[in-house]
Each structure stands twice: as C-alpha cells, then as structure tokens.
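A short write-up of the structure that comes next.
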Amino acid sequence: MSSIVQVQQELLGRMDQIKQAASAGGPATAPAIAPASHFGVDGALNLGLERAAGTGSVDVGNQEGFRTAFEDVFKAVDAQQHKASAMAEAVDSGASDDLVGAMVESQKASVAFSALMQVRNKVTGAFEEVMRMPL
100 MSSIVQVQQE LLGRMDQIKQ AASAGGPATA PAIAPASHFG VDGALNLGLE RAAGTGSVDV
160 GNQEGFRTAF EDVFKAVDAQ QHKASAMAEA VDSGASDDLV GAMVESQKAS VAFSALMQVR
220 NKVTGAFEEV MRMPL
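Here you go:
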C-alpha cells in the first residue's frame, strides 16, 4: 500500500517541478520525466509519459499532438480498467484461479486511474489560472 502512495507522491512531485519551471519564465522546456516503468507502473501510463518525455520541449502550436496524447492515455487507462474487470470476473465465475494476478491488475488499474485524475486536476487548475489572468 505504501508503494502506491509513494508512486503517487513521486508523480505529484514531478508535476510540481514542471509547474515551477513553467512559472519561472524560462524557456519552454520541461524537466526530464522518468518513464512510468521507473515507478513500477506499466501499460496505461507508459504511453503518455514516454511521449511527453520524448524531446523535453513544449511545442505550443501543436494542439493536435496534445489532444492525441491525452486521448491515447485515456484509452490506455480504459483498457487497463477493462482488463482488470475481466480478470476479476473470471476469478468470480471460477474460470480462472489467478486471484493474485487479478488483484495485481486491479491495483495497476487503480494507480493508473488515480494518476490520470491527478493530471486532470492539474490541467484543469492550470486552465482556470490562465483564464483568471488579466489581459
């Protein structure tokens, strides 16, 4: 249980670093982001974080890439949730006896969803902050 909290805290720490770098008024580059596999989370978050860590720079004009990146992460988290649900149903119905595997997939899905919600909250907060800026 503490490892999940630790992963979430590390992810939040990385988000705070990015926010501080952006508010410092420096060049439009983000600090290096470790891939999700570094945190022991695979599958759902790997896709988005590896894409985000690709060049280390932010292309403000590339709105299509931003939308596509978020869409891919949403789909990956959804797939992780469906996989965990299918494994739990298989254990419940007696079709599988892999209880440990089902629990691991359930925890992976939970961590992926929690991280996705934290990212959503940070993006929403940043958008609201931009909207409050005087012209």
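Residue numbering for the sequence shown follows this note's numbering, beginning at 100 and increasing consecutively.
Built from N, CA and C at the ideal position, the CB exists for glycine as well.
Continuous alpha helix (DSSP H) stretch holding residue i: start and end
i: M232; result: Premise fails: M232 is in no alpha helix (DSSP H) and is neither H nor E.
Residue i burial status per 10 Å Cβ neighbour count (16 or more: buried)
i: V106; result: buried
i: Q179; result: buried
i: K207; result: buried
i: A183; result: buried
i: E46; result: The structure shown has nothing for residue 46, since the chain only spans 100 to 234.
Cβ-Cβ distance between residue i and residue j below 8 Å
i: V176; j: L215; result: yes
i: L198; j: V210; result: no
i: A194; j: S205; result: no
Backbone CA spacing between residue i and residue j [nearest angstrom]
i: S213; j: A201; result: 18 Å
i: A123; j: K221; result: 17 Å
i: D196; j: V172; result: 30 Å
i: F169; j: T223; result: 13 Å
i: M114; j: R166; result: 19 Å
i: V229; j: V203; result: 39 Å
Option in the options with minimal Cα separation from residue i
i: G112; options: D196, Q217, E170, G193; result: Q217
i: Q119; options: A185, A225, R166, V203; result: A225
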